[in-house]
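Undergrad: If you scroll down you'll find the structure; I have some questions about it.
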Amino acid sequence: MPRISPSLIRQAYAISPLLPVLLPSCRTLSSAINELRWIREYVQETENGQLSLRYRANELLKLCQRRGRGEPLQYILGSQPFGDLDIKCRPGVLIPRPETEAYTAYISQLLLGDDPEWLKSNLEKSDNKAQQNKLSILDIKFHYHDIFMPWRESSLPASYDIIISNPPYISQAGFMKEAARSVRHWEPKLALVPKRNLDLDCAPEDIFYYRLLELQRELESKILLMEVGDTAQAKRVATMAMRKMQHEQPSRLEIWRDWPTETDEADSTTNIAIDDQSIPIKGTGNVRAVVVFSHL
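Residues in the sequence shown are numbered from 313 upward in steps of one, following our numbering.
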C-alpha cells in the first residue's frame, strides 16, 4: 500500500485535525471528509445532547482512531444502508455490499412488474396459492439448515420459488493475497472462504454452487441467483449449471455485472461462450452473479 504524502496530510489537517487520523484507511481526502461527517452525525445522534462538548470530542476522536486502524466503518456506526433497510452490523457479521444491494433490487424489480411473460406465468401458481392461504407479504420466517444435509429430512418447506445466495466463494489463496486488509482482519472468514472439503467435481471455492444447483431442481425453484467473485468463477458456475440443465426442462442462464440495470460502452462484452452456447451478460462493472431461470 503506497504511503500517504505529507502534502495530503497537511491539506487534511488544515480542514480538521481528525482527517489525518482517518486517512490511513480512507486513503483519499474526499472519502475521509465523508466518513468524518458520518461519524460526527453518529456521535450527535447517540449522545442526544446530554454529553459535554469535551466528552463528545473525546468520543469522536476514539471512533476516528478505530477507523484509522482499519476497523470497518459499518462496525463503528453499527449499521449499513441496504435499499430501504438499515441493516445492523457488528464484528462477526459480513458487511452487506452495494453490489449485493443492486442485484437484490433488480430481482425485486423483475418480480414486481418488469418480469417477462414466462416468469409471470411460472410464478402465477405460487401467487394464487399464497392468496388462497392468505399469506401476507410481511410473513417472514428465518430458518437454520445445513444445505449439505438432506433437505427432505428437515422440517422446512419442500419448495421455494426463488433462491438467492451469497455463499462463501473465495479460495484460501485468494483470501490471503487479494482480499482487502480490513476484510482479512475484521470480517468473518467463515462467510468468505468455504470451510468444507467435500469430494465434489469442482474447485474447493465452488462447492456451494454445486449444491445450490442441486437444490434448485430438488426444491423446484424458478429462479436461482448466485453471487460470484469474478469472471473466471462465473464461467465455472455457468458451466456447471449448463451441464446440469442438459437433461432437464428448458432453462435460461444469465450473467449479471455489479449494476445489472445500467449500460456503458466501456463494458463492451455482452455475452460469453460456454460449451458452444452464448450466455448474455447484463449491466456494468465487474461480473457479480450467475442467474438461472428455470421452467419447472
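The beta-carbon is built from N, C-alpha and C at its ideal position, and this holds for glycine as well.
Helix or strand or just coil, what does DSSP make of G380?
TA: Of the three classes helix, strand and coil, the one that applies to G380 here is helix, per DSSP.
Undergrad: Considering only their Cβ atoms, is the gap separating Y472 from L537 smaller than 8 Å?
TA: No.
Undergrad: Is I482 closer than 8 Å to G626 when the C-beta atoms are compared?
TA: Limits of the chain in this structure are 313 at one end and 608 at the other, which puts residue 626 out of reach.
Undergrad: Mind checking which residues open and close the beta strand (DSSP E) that includes K400?
TA: 397–400 is the span of the beta strand (DSSP E), which, as asked, contains K400.
Undergrad: The alpha helix (DSSP H) spanning M557 covers which residue range?
TA: Taken as a continuous stretch (DSSP letters only), the alpha helix (DSSP H) holding M557 covers 543–557.
Undergrad: Just tell me which of L341, R349, V604 has its CA closest to the CA of S477.
TA: Taking only the C-alpha atoms, the option nearest S477 is V604.
Undergrad: Within this structure, are the beta carbons of S337 and R379 separated by less than 8 Å?
TA: Result yes, Cβ atoms of S337 and R379 sit closer than 8 Å.
Undergrad: Within its chain, find whatever has a CB closer than 8 Å to the CB of A442; leave out the 5 residues flanking it on each side and keep chain order.
TA: In this predicted model, A442 has a pLDDT of only 46, less than 50, meaning its place in the structure is not dependable enough to derive any value.
Undergrad: Determine the contact status of V474 and L527, defining contact as a CB-CB distance below 8 Å.
TA: According to the sequence provided, residue 474 is Ile. The question's Val does not apply to it. No, Cβ-Cβ distance for I474 and L527 is not below 8 Å.
Undergrad: With burial defined as no fewer than 16 other Cβ atoms inside 10 Å of the residue's Cβ, what is the status of V602: buried or exposed?
TA: Label assigned to V602: buried.
Undergrad: Buried or exposed: N445, going by 16 or more other Cβ atoms within 10 Å of its Cβ?
TA: Caution is warranted here: a pLDDT of 46 is assigned to N445, below 50, making its placement in the model unreliable, and the coordinate value is therefore given only provisionally. Exposed, since its Cβ has fewer than 16 Cβ neighbours within 10 Å.
Undergrad: On the three-state DSSP scale, how would you describe I519?
TA: Helix, per DSSP.
Undergrad: Within the chosen definition, does the segment 590–601 reach the segment 565–576 through at least 3 CB pairs nearer than 8 Å?
TA: Result yes; three or more Cβ-Cβ pairs closer than 8 Å.
Undergrad: Please go through the segment 318–344 and give each complete alpha helix (DSSP H) segment of 4 or more residues, from N-terminal end onward.
TA: 318–327, 331–338, all fully within the segment 318–344.
Undergrad: So does the segment 414–425 actually touch the segment 542–549, counting three or more Cβ pairs closer than 8 Å?
TA: Short answer: they don't touch.
Undergrad: Please report the Cβ distance between L565 and I593, rounded to the nearest whole angstrom; I am assuming they are in contact, meaning their Cβ atoms lie under 8 Å.
TA: That belief does not hold up - the Cβ atoms of L565 and I593 are roughly 11 Å apart, past 8 Å.
Undergrad: Report, in whole angstroms, the separation of the C-beta atoms of P332 and I321, which I expect to be a contact under 8 Å.
TA: About 5 Å separates the two Cβ atoms, so the contact holds.
Undergrad: I'd like the span of the beta strand (DSSP E) that includes E413, first residue to last.
TA: It is not in any beta strand (DSSP E) - E413 instead sits in the alpha helix (DSSP H) that spans 410–421.
Undergrad: Between S563 and P410, what straight-line distance do the alpha-carbon atoms span, to the nearest angstrom?
TA: Approximately 28 Å between the Cα atoms of the pair.
Undergrad: Should K534 be labelled buried (16 or more other beta-carbon atoms within 10 Å of its own) or exposed?
TA: Under this definition K534 is a buried residue.
Undergrad: Could you compute how far the alpha carbon of R339 sits from the alpha carbon of S317?
TA: Going by the C-alpha atoms only, they are around 10 Å apart.
Undergrad: Taking only three categories from DSSP, how would you classify T358?
TA: In the structure shown, T358 sits in a helix (DSSP, three-state: H, G or I).
Undergrad: How close, in whole Å, do the beta carbons of C376 and L334 come, if the pair is a contact with beta carbons under 8 Å?
TA: Right, their Cβ atoms sit about 6 Å apart.
Undergrad: Among the residues of its own chain, which have a CB less than 8 Å from the CB of L510, if the five just before and after it don't count?
TA: These residues qualify, in order along the chain: F460, I519.
Undergrad: Which residues mark the beginning and the end of the alpha helix (DSSP H) in which W498 is found?
TA: That run of the alpha helix (DSSP H) goes 493–498.
Undergrad: Mapping DSSP to helix, strand and coil, what is E490?
TA: Correct three-state label for E490: coil.
Undergrad: Would DSSP call A585 helix, strand or coil?
TA: A585 falls in the strand class under three-state DSSP.
Undergrad: Could you work out which residue in K556, R496, Y522, P329 is closest to L406 when comparing CA atoms only?
TA: Selected option, being the one with the closest Cα: R496.
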